[in-house]
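For reference, the structure is listed below as structure tokens.
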Amino acid sequence: MKGLLLNALFGLMLGRFGSVWGLVVFLPLVAAELAYGVYVYHLGMNAGFVRRAFALTACGQFGFLLGALLRPMRGET
Numbered sequence: 002m003k004g005l006l007l008n009a010l011f012g013l014m015l016g017r018f019g020s021v022w023g024l025v026v027f028l029p030l031v032a033a034e035l036a037y038g039v040y041v042y043h044l045g046m047n048a049g050f051v052r053r054a055f056a057l058t059a060c061g062q063f064g065f066l067l068g069a070l071l072r073p074m075r076g077e078t
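Heads up: the sequence shown begins at 2 in this note's numbering, then just goes up one per residue.
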């Protein structure tokens, strides 16, 4: 749950204040979160490893899209 929340908040900030190329940041971030789960909690492929990877990536990308929608329009500021 913490990973989903952190990815959503990070995606929201990147989408609001960053560029489109910020989406590439999620790949190493998700890889680090999965490696942490494997190393600390000894999770394997039978622990929903692939589903967790997809969920973390999708949550971050949806947060990014929401942040991009929250950007002010040109001439609005």
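C-beta atoms are modelled at their ideal positions from N, C-alpha and C, and glycine is treated no differently.
task: Would you identify the three-state DSSP class for R52, choosing helix, strand or coil?
output: What you label residue 52 is simply residue 51 of the sequence shown in a count that begins at 1. In this structure, R52 counts as helix in the three-state DSSP scheme.
query: Sorted by chain position, which residues of the same chain lie with C-beta nearer than 6 angstroms to G38's C-beta, five sequence neighbours on each side aside?
result: Here the question's residue 38 lines up with position 37 in the sequence shown. So the qualifying residues of the chain are L44.
- prompt: M14 by DSSP, collapsed to three states: which one?
  reply: Position 13 of the sequence shown, counting from 1, holds the residue named residue 14. Residue state, collapsed to three classes: helix.
message: Here's the rule: buried if 16 or more other CB atoms are within 10 angstroms of the residue's CB, otherwise exposed. What is L71?
response: Against the sequence shown, residue 71 aligns to sequence position 70. Answer is exposed; the Cβ neighbour count stays below 16.
- prompt: Which residue's Cα is closest to the Cα of A54: W22, A9 and V31?
  reply: The residue labelled residue 54 in the question sits at position 53 within the sequence shown. Measuring from the Cα of A54, the nearest candidate turns out to be V31.
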